[in-house]
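Reading through the structure tokens given below for one structure.
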Amino acid sequence: MAIRRALISVWDKTGVVELARALAEYGAEIVSTGGTARLLREVGLAVRDISELTGFPEMLDGRVKTLHPKVHGGLLHLRGNLAHEATIQKHGIPPIDFVCVNLYPFEATVAKPNVTFEEAIENIDIGGPAMIRSAAKNMRSVTVITDPADYPRVIECLRAHNGDTTEALRFELGRKAFARTAAYDAAITAWLAAREPHADAPLVRAWAGGVRLRYGENPHQSARFFRDPAVAEACIAWAQVLHGKEMSYNNYLDGDAALEAVREHCGAPAAVVIKHTNPCGCATGRTLAEALTAAWEGDPVSAFGSVIAVTEPMDLAAAQVLKGRFVEALIAPDFASDALEFLKGKSKDIRLLKLHRPLTPAGPKTLLRQINGGILAQDADIGDVHHWVVPTETPFPDDLRPLAEFGVKVCKHIKSNAICIVHEYRVGHYALLGMGAGQPNRVDSVRKLAAARAAENIARMYQQSGGYGKTPTEFQHAIMQRAVLVSDAFFPFPDNIQHAAEIGIRFIVQPGGSLRDEEVIAACDRFGIAMAFTGMRHFRH
């Protein structure tokens with residue numbers, strides 16, 4: 013049986029005229045409200061006002077117009093149920109077989125800067141979600157549509173079934189409708205909770221419209237990707253893919269790690285090279301090309317097949333740094349036209365992602381992580397240094413503090429137990445020289461990984477520069493004497509200090525707070541090492 017009556021009330025009017033025309037072609041009465049009704053009349057469609065159907069005018073500045081038994085009774089009564097049919101006939105309730113509603117733009121409203129509480133509250137839709145839920149509850153008989161992207165296939169279904177829709181389509185759209193109202197309510201809850209972040213507020217999250225990915229971390233795992241519509245800053249989830257293959261599950265993980273790591277250095281040319289979510293290269297520079305070159309040199313072997321993020325728009329000089337180098341994905345605030353064409357010509361597969369918003373320092377937010385049977389929630393780690401205390405006999409030079417702070421920002425994005433060695437490769441510009449990540453003990457991160465990688469990089473630097481008249485040992489000693497070793501957490505034993513001293517390290521930064529801090533300080537004093545405590549740990553599991 014063709015749809016007899018359709019209620020259409022939309023904020024986003026994209027495509028609604030075509031949908032209403034298709035319904036009217038098969039004799040459906042169109043009931044509508046406010047601006048939607050005016051638009052449909054302007055194009056020549058017959059429209060019945062909601063106030064005529066209910067017998068009540070819209071009131072309270074439009075806050076009350078569809079919250080009425082003649083609307084919800086028309087949606088919710090069970091077709092074929094004799095008692096229900098008798099009730100709606102007794103009360104003069106006309107059946108409504110089709111609902112097209114999209115909601116006040118709450119998510120878009122609160123995403124605007126400096127939105128007021130009053131403005132946000134006025135953009136909470138009440139009648140819309142109520143109609144959507146009533147229609148979706150009765151999905152065996154009522155069609156409910158909330159997304160303009162679904163209009164074309166609904167129109168196609170109407171034409172294929174003489175003005176009706178199929179039960180399968182109604183079920184699919186009903187399921188999508190409940191997901192939409194859940195996501196809408198979750199966005200409201202999250203925004204209200206963020207206004208009082210220290211309150212014991214409920215944690216409610218919902219994501220609708222997931223995109224199926226080719227597979228998960230491994231080919232035998234299925235995966236989907238959901239975007240958070242309320243995100244307030246530049247992020248990998250909403251970056252625009254300008255070129256390249258479809259983004260994979262692992263690309264998204266590495267892309268997020270790259271962007272969050274490079275965000276620490278926004279405001280100046282900087283680049284981060286990520287492999288398996290760890291920064292294997294990171295550098296600042298006078299230009300983006302210089303920063304990208306220095307970041308790549310942090311670990312040229314691991315950089316093969318990496319994901320890279322940069323702080324500034326890619327220009328041609330920076331793009332040319334990647335000539336002959338395999339990169340999975342490159343994330344930037346923008347791409348100059350010649351840089352974009354160069355990178356497209358470099359490879360048909362490289363994923364080029366443009367940020368949807370300006371890159372800014374990380375703001376407060378809640379991070380979620382699922383475990384089997386539960387969810388962990390925590391504040392994002394947006395701190396760097398809580399205090400700066402130098403407890404050693406050897407002072408920590410003021411001119412090395414910017415390098416040390418660069419190292420802290422890099423180290424906080426390396427998996428624990430994390431160690432990084434950083435150096436000033438050009439006056440005022442810094443690079444990762446070696447790092448150790450994800451080890452069960454910190455000694456291995458220092459001795460077997462960070463120190464070994466730094467030594468390899470210095471040997472390559474020696475070959476490239478000619479050594480400036482120094483022997484390889486003298487060249488390495490000169491660099492390590494001015495490098496800074498940073499640890500994400502305290503040293504529990506003084507053995508790490510000994511290993512650092514063996515490779516020529518004279519400056520160490522760590523949070524402090526161990527029961528053996530005094531032993532660690534004493535070891536630094538024996539080796540003439542300056543050490544600073546930051547008072548802030550940066551575990552990353």
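Following this note's numbering, the numbering of the sequence shown begins with 13 at its first residue and continues without gaps. By construction, the Cβ of each residue, glycine as well, lies at the ideal position given by its N, Cα and C atoms. No experiment lies behind these values; they were computed from the predicted model shown.
Going by beta carbons, S314 and K358 fall outside the 8 Å limit. If you compare the alpha carbons of Y480, G419, L300 with that of I431, the shortest gap goes to G419.
Taking C-beta atoms as the reference points, A282 and A303 count as a pair closer than 8 Å. Restricted to the stretch 276-335, the alpha helix (DSSP H) segments that are unbroken, complete and at least 4 residues in length are 300-308, 328-332, listed in chain order. Taking all protein chains in view, the Cβ of F110 is crowded by 16 or more other Cβ atoms within 10 Å, so the residue is classified as buried. K102 carries a helical assignment under DSSP once its states are collapsed to helix, strand and coil. With 16 or more other Cβ atoms from the protein chains shown falling within 10 Å of its own Cβ, D266 counts as buried.
Using a Cβ-Cβ distance cut-off of 8 Å, the stretch 372-380 and the stretch 396-406 are not in contact, since fewer than three pairs of beta carbons, one from each stretch, lie closer than that value. DSSP, reduced to helix, strand and coil, places T128 outside both helices and strands of the structure shown, so it counts as coil. Counting C-beta pairs with one atom in each stretch, the stretch 438-447 and the stretch 524-544 have fewer than three that are closer than 8 Å, which means they do not touch. Leaving aside the five residues that flank T404 on each side, the residues in its chain whose CB is nearer than 8 Å to its CB run, in chain order, I533, C536, D537, I541, A542, M543.
Contact between A374 and R275 is confirmed by a C-beta separation of about 6 Å, below the 8 Å threshold. For D61, the beta-bridge partners assigned by DSSP are S44. D391: member of the beta strand (DSSP E) spanning 386-391, first to last residue. With the rule of 3 Cβ pairs closer than 8 Å, the stretch 495-503 does not count as touching the stretch 474-483.
Listed in chain order, the non-local C-beta contacts of Q510 below 7 Å within the same chain comprise A535, local neighbours out to five positions each way being set aside. Non-local beta-carbon contacts of A189 in its own chain, meaning distances under 6 Å to residues more than five positions away in sequence, involve I144, A148, V156, T158 in chain order. Taking V243 as the centre and dropping the five residues before and after it, the same chain places the C-beta of A249, W250 closer than 7 Å to its C-beta, in chain order. Contact check for N114 against W23 passes: the beta carbons are separated by less than 8 Å. When the alpha-carbon of E131 is set against those of P141, P117, R518, the nearest one is in P117. According to the DSSP assignment, T155 belongs to the beta strand (DSSP E) that extends over 155-157.
Between the beta-carbon of D176 and that of I15 there is about 6 Å, and that keeps the pair under the 8 Å contact cut.
Between V29 and I20, the C-beta gap is not smaller than 8 Å, which leaves the two residues out of contact. In this model, P504 and R528 are separated by some 6 Å (Cα to Cα).
A check of alpha carbon separations from H255 across L352, A280, A161 identifies L352 as the nearest. Annotation: G516 to H277 spans about 28 Å, alpha carbon to alpha carbon. CA-to-CA, the gap between I200 and I100 works out to about 35 Å.
Contact annotation, R363 with N263: C-beta distance approximately 6 Å; criterion of less than 8 Å satisfied. DSSP places R192 in the helix class (H, G or I) of the three-state scheme.
Between V59 and S44, the C-beta gap is smaller than 8 Å, which places the two residues in contact. Comparing alpha-carbon positions, the option among A18, A321, D137, I470 lying closest to V154 turns out to be A18. When the beta-carbon positions are compared, A471 and I433 stay at least 8 Å from each other. With distances taken between CA atoms, P345 lies nearest to L371 out of L371, A389, V333. Following the DSSP letters along the chain, one finds V216 in no alpha helix (DSSP H), marked with neither H nor E.
Its chain contains V333 as the residues whose beta carbon lies nearer than 6 Å to that of T305, once the 5 sequence neighbours on both sides are disregarded; these appear in chain order.
Taking 8 Å as the upper bound for CB-CB distance, A246 and L367 are in contact here, some 4 Å apart.
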